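Just below is one structure, and these are the notes that go with it.
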């Protein structure tokens, strides 16, 4: 019996996957617990529409990420931190601080885990920092670090 899974079931399949299940397993376990529905024409059409909507949403998100990456190319955020006499910073500028400043200055909310810093910034100057917006979309923003 062909069924469409409504959620992930370990050892059976993933959500929205069409599987062949034994008749008894489907009727006595999957259907009563609401874990699956029969793969009839109506349910298959509903699944196809749902998948099409997901694909369209992914395409819109990708397009928005590309536009944001283009906008961020020319942007610079300024971060002021305490520093010693030789220009060396006390502590350093981390991805968390960059994320907070992006939110404050540009009103762009990017998770600190998506900010690619090879190492903590410990000097004054202008640095190029990569932001992983989405799979395959990386934006670069300038970070101007100055001493107080």
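Numbering (the working numbering), first residue to last: 7 to 154.
Glycine included, each C-beta is placed from N, C-alpha and C at the ideal position.
Note that the coordinates shown come from a computational prediction; the quantities given were computed from them, not determined experimentally.
Thinking C-beta only, is residue j closer than 8 Å to residue i?
| i | j | result |
| --- | --- | --- |
| residue 126 | residue 137 | no |
| residue 123 | residue 101 | yes |
| residue 152 | residue 86 | yes |
| residue 140 | residue 68 | yes |
| residue 121 | residue 135 | yes |
| residue 115 | residue 109 | yes |
Using a Cβ-Cβ cut-off of 8 Å (strictly less than) and excluding sequence neighbours within five positions of residue i, which residues of its own chain qualify?
| i | result |
| --- | --- |
| residue 20 | 11, 14 |
| residue 92 | none |
| residue 31 | none |
Between residue i and chain C, is there a C-beta pair that is closer than 8 Å?
| i | result |
| --- | --- |
| residue 25 | No chain C is part of this structure, which consists of one protein chain only. |
Counting only the same chain and skipping the five closest in sequence on each side, list residues whose C-beta sits under 7 Å from that of residue i.
| i | result |
| --- | --- |
| residue 44 | 9 |
| residue 53 | 10, 22 |
| residue 107 | 83, 85 |
| residue 36 | 9, 27, 42 |
Measure the C-alpha to C-alpha separation of residue i and residue j and round it to an integer number of angstroms.
| i | j | result |
| --- | --- | --- |
| residue 75 | residue 146 | 7 Å |
| residue 47 | residue 33 | 18 Å |
| residue 72 | residue 132 | 24 Å |
| residue 24 | residue 39 | 17 Å |
| residue 94 | residue 18 | 57 Å |
| residue 149 | residue 103 | 11 Å |
| residue 60 | residue 50 | 15 Å |
| residue 16 | residue 57 | 22 Å |
| residue 142 | residue 65 | 13 Å |
| residue 90 | residue 62 | 52 Å |
Using C-beta distances below 6 Å, list every residue in its chain close to residue i, excluding the 5 sequence neighbours before and after it, in chain order.
| i | result |
| --- | --- |
| residue 78 | 145, 147 |
| residue 88 | 96, 154 |
| residue 119 | none |
| residue 55 | none |
| residue 29 | 7 |
| residue 113 | none |
Can you tell me which of the options puts its alpha carbon nearest to the alpha carbon of residue i?
| i | options | result |
| --- | --- | --- |
| residue 111 | 64, 83, 90, 63 | 83 |
| residue 41 | 65, 142, 22, 149 | 22 |
Sort out for me which residues DSSP pairs residue i with in a bridge.
| i | result |
| --- | --- |
| residue 94 | 129 |
| residue 134 | 148 |
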